[in-house]
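Engineer: Have a look at this one before I ask anything.
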Amino acid sequence: EAGVAQSPRYKIIEKRQSVAFWCNPISGHATLYWYQQILGQGPKLLIQFQNNGVVDDSQLPKDRFSAERLKGVDSTLKIQPAKLEDSAVYLCASSRKGYGYTFGSGTRLTVV
Amino acid sequence: GIQVEQSPPDLILQEGANSTLRCNFSDSVNNLQWFHQNPWGQLINLFYIPSGTKQNGRLSATTVATERYSLLYISSSQTTDSGVYFCAADSGYSTLTFGKGTMLLVSP
Numbered sequence: 093e094a095g096v097a098q099s100p101r102y103k104i105i106e107k108r109q110s111v112a113f114w115c116n117p118i119s120g121h122a123t124l125y126w127y128q129q130i131l132g133q134g135p136k137l138l139i140q141f142q143n144n145g146v147v148d149d150s151q152l153p154k155d156r157f158s159a160e161r162l163k164g165v166d167s168t169l170k171i172q173p174a175k176l177e178d179s180a181v182y183l184c185a186s187s188r189k190g191y192g193y194t195f196g197s198g199t200r201l202t203v204v
Numbered sequence: 007g008i009q010v011e012q013s014p015p016d017l018i019l020q021e022g023a024n025s026t027l028r029c030n031f032s033d034s035v036n037n038l039q040w041f042h043q044n045p046w047g048q049l050i051n052l053f054y055i056p057s058g059t060k061q062n063g064r065l066s067a068t069t070v071a072t073e074r075y076s077l078l079y080i081s082s083s084q085t086t087d088s089g090v091y092f093c094a095a096d097s098g099y100s101t102l103t104f105g106k107g108t109m110l111l112v113s114p
């Protein structure tokens with residue numbers, strides 16, 4: 093089966109600019125996640141979707157981050173305005189019950 | 007939420023050596039996975055193993071759910087095994103919590 097697709101692979105922006113990341117999960121996976129991984133740390137959950145509904149966004153900095161999952165398939169994560177501390181790898185994953193998570197290649201964001 | 011602790015934090019091996027990585031978790035789990043993060047940052051799923059033992063080539067994993075730990079065994083290590091190994095668990099809320107990882111360096 094095709095994996096989780098993410099784009100872009102890399103992005104460099106200046107602070108206070110906006111940026112968007114895109115994710116296409118594995119076909120048939122109802123659950124989609126966005127994780128943030130800061131250098132030297134393990135990934136941390138930002139938001140979880142079940143189909144097109146939000147299950148958990150308790151760790152999403154809602155003053156600057158937003159995410160949507162239209163039609164329960166693709167998802168977009170946006171940051172506006174970006175801060176230096178947002179520099180990280182943004183990982184998308186999808187899952188189905190009993191099979192665990194599959195992660196995409198990630199988007200490496202550098203804010204300068 | 008669930009706490010996940012990994013040990014050791016760093017490990018240096020010579021090619022051909024064997025190693026054991028440990029993961030302790032604070033609650034009963036519905037899901038436990040081991041991942042390898044390669045130098046390009048991609049997380050590769052090694053095992054989905056909430057309980058029992060699985061083997062895949064030179065790698066095997068065992069989770070003892072009643073004692074809240076999991077072990078990842080790497081035998082006859084190769085330089086391509088280098089990278090960060092993450093254990094991640096969820097206790098039933100469908101959200102994986104990651105440990106801090108074990109950084110493995112295999113030298114030729």
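For the record, the sequence lines run as chains A and B. Under my numbering, think of the first position of the first sequence as 93, with each following residue one higher. Under my numbering, think of the first position of the second sequence as 7, with each following residue one higher. Virtual Cβ for every residue (Gly too), placed ideally from N, Cα, C. If you're wondering where the values come from, they're calculated on a predicted model, not measured in any experiment.
#1: Measuring only the C-alpha atoms, how far is Lys154 of chain A from Leu65 of chain B?
#2: What do you get for Ser186 of chain A, buried or exposed, if any count of 16 or more other CB atoms within 10 angstroms of its CB means buried?
#3: List, in chain order, every chain B residue whose beta-carbon is nearer than 9 Å to that of Arg200 of chain A.
#4: Taking a Cβ distance cut-off of 7 Å, strictly less, list which residues of the region 175–201 of chain A are near chain B, in chain order.
#5: For a test of the three-state rule: what should DSSP assign to Lys163 of chain A, helix, strand or coil?
#6: Whole-angstrom Cβ separation of Ser81 of chain B and Val112 of chain B, contact assumed at under 8 Å?
#7: Using only CA atoms, which one of A:Ala180, A:Glu106 and A:Asn144 lies nearest to Pro117 of chain A?
#8: Pick helix, strand or coil for Gln106 of chain A, following the three-state DSSP scheme.
#9: Thinking C-beta only, is Pro173 of chain A closer than 9 Å to Gln128 of chain A?
#10: Taking C-beta pairs closer than 7 Å, name the residues in chain A that Asn115 of chain B reaches, listed in chain order.
Structural biologist: The relevant details are as follows:
#1: About 41 Å.
#2: buried
#3: Result: Gly47.
#4: Val181, Leu183, Tyr191, Gly192, Tyr193, Thr194, Phe195, Ser197, Gly198 and Arg200
#5: Correct three-state label for Lys163 of chain A: helix.
#6: Wrong, their Cβ atoms sit about 12 Å apart, outside the cutoff.
#7: A:Asn144
#8: Reading the sequence as shown, one finds Glu at residue 106 of chain A and not Gln. Looking at Glu106 of chain A - three-state DSSP - the assignment turns out to be coil, as it is neither helix nor strand.
#9: no
#10: In this structure chain B extends from 7 to 114, so residue 115 of chain B is not present and cannot be described.
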